[in-house]
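Take a look at the structure below.
2 protein chains.
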Amino acid sequence: MNKSDALTALAALAQEARLDVFRLLVQAGPEGLPAGQLGERLGLPSATLSFHLKELRHAGLVRFEREGRSLIYSAELANMNGLLAYLTENCCQGNPAACGVGLCDGTKLETPQQRKPS
Amino acid sequence: MNKSDALTALAALAQEARLDVFRLLVQAGPEGLPAGQLGERLGLPSATLSFHLKELRHAGLVRFEREGRSLIYSAELANMNGLLAYLTENCCQGNPAACGVGLCDGTKLETPQQRKPS
DNA sequence: TTCATATCTCCATTTGTATGGAAATATGGA
DNA sequence: TCCATATTTCCATACAAATGGAGATATGAA
């Protein structure tokens, strides 16, 4: 995952309809869901849904395959993971053990350095 | 993490300067970095940097504390983790073991359902 | 071939975001 | 008190993204 891909993916997810669609597909898993069902569940007009699905595709976050008259969309989990890894890369000066692997929470550090919220 | 917070955080990260700033702070860890050093390392004019830091703050992704004349910014790692958790919530029909915990890659599924990319 | 279904593309309108110079504010030192 | 430093706020300009109706396209069934 490079910076440009990460930016495209983040921009794709930074939109309510697309975030909803993506999370629904993540939850659906590799089986995926047909476009029509996505639109129905989320209450999106077809033109709007199609626009957002295209954005998600261009961002590499979903794929589709045709099945009869339906297009079955599913999440690109590997790319999602690449994005998460990009965000957390070298967390805490490359000392991931210091703040928890994968989900870095800083709580295990010896000097928690408490700070007031801004 | 609710949807609205997730959207705000994603929108904040979907911008090159802010993504750079945030990753630098994630890497710096709880010690953080002064605003000036961020601007210097990333080549951002002060007004531009300040604008982006404000966005990141409002999104709950960074905090700051004053130290003399400098403002020391650091990443809100707990909120970052909340965002990642929100994205991967109920991955693969709530069967996280099926696709790897934390970083869900789908490779461990019994029926990988290979699909052509779109 | 003709029709119904599923989805997409086109496009005009509306809305929101990024940029950076200039001036304002806050802190600490002389 | 006055100045230098660090950072912010103000603001005009420029650019990008979301929406959804109408019509186009693709598939399968009769």
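Top line first, the protein sequences correspond to chains R and C. Taking the numbering used here, the leading residue of the first sequence gets 1, the next gets one more, and so forth. Taking the numbering used here, the leading residue of the second sequence gets 119, the next gets one more, and so forth. Note that beta-carbon positions come from the ideal geometry of N, C-alpha and C, so glycine has one too.
Query raised in the report: From which residue to which residue does the beta strand (DSSP E) around ALA153/C run?
Result: ALA153/C -> not in any beta strand (DSSP E); alpha helix (DSSP H) instead, spanning 153-160.
Query raised in the report: How about the region 37-47 of chain R and the region 14-27 of chain R: do they share at least three Cβ pairs that are nearer than 8 Å?
Result: yes
**Report entry** Cutoff 8 Å; reference VAL62/R; Cβ partners in own chain excluding five residues on either side
**Finding:** VAL21, PHE22, LEU25, LEU53, LEU56, TYR73, SER74, ALA75, GLU76
Query raised in the report: Is the beta carbon of ALA130/C less than 8 Å from the beta carbon of LEU189/C?
Result: no
Query - Residues sharing a beta bridge with LEU189/C, DSSP - result: ARG184/C
**Report entry** Alpha carbon of LEU128/C to alpha carbon of TYR86/R, nearest angstrom
**Finding:** 14 Å
Query raised in the report: If you draw a straight line from the alpha carbon of ASN197/C to that of THR206/C, how long is it in whole angstroms?
Result: 14 Å
Query raised in the report: Short check: CB of GLU134/C to CB of LEU7/R, under 8 Å?
Result: yes
Query raised in the report: Got a sec: is the Cβ-Cβ distance from ALA6/R to anything in chain C below 8 Å?
Result: yes
Report task. Enumerate in chain order the residues of its own chain whose CB-to-CB distance from ASN2/R is below 6 Å, with the five nearest sequence positions on each side excluded. Result -> none
**Report entry** GLY157/C and LEU167/C closer than 8 Å at C-beta
**Finding:** yes
Query - For ASN199/C and GLN27/R, believed in contact at Cβ under 8 Å, the rounded distance - result: Going by Cβ atoms, the distance from GLN27/R to ASN199/C rounds to 19 Å, so no, they are not a contact pair.
Query raised in the report: Cβ atoms of GLY147/C and GLN93/R: under 8 Å apart, would you say?
Result: yes
Query - ALA129/C, DSSP secondary structure in three states - result: helix
Query raised in the report: Do we get a CB-CB distance below 8 Å when we pair GLU89/R with the residues of chain C?
Result: yes
Query - CB contact check: LEU156/C to chain R, cutoff 8 Å - result: no
Query raised in the report: So which residues of chain R does LEU131/C contact, with C-beta pairs closer than 7 Å?
Result: LEU10
**Report entry** Short-range partners of chain C found in the region 16-42 of chain R, where Cβ spacing is below 9 Å
**Finding:** GLU16, LEU19, ASP20, PHE22, ARG23, VAL26, GLN27, ALA28, GLY29, PRO30, GLU31, GLY32
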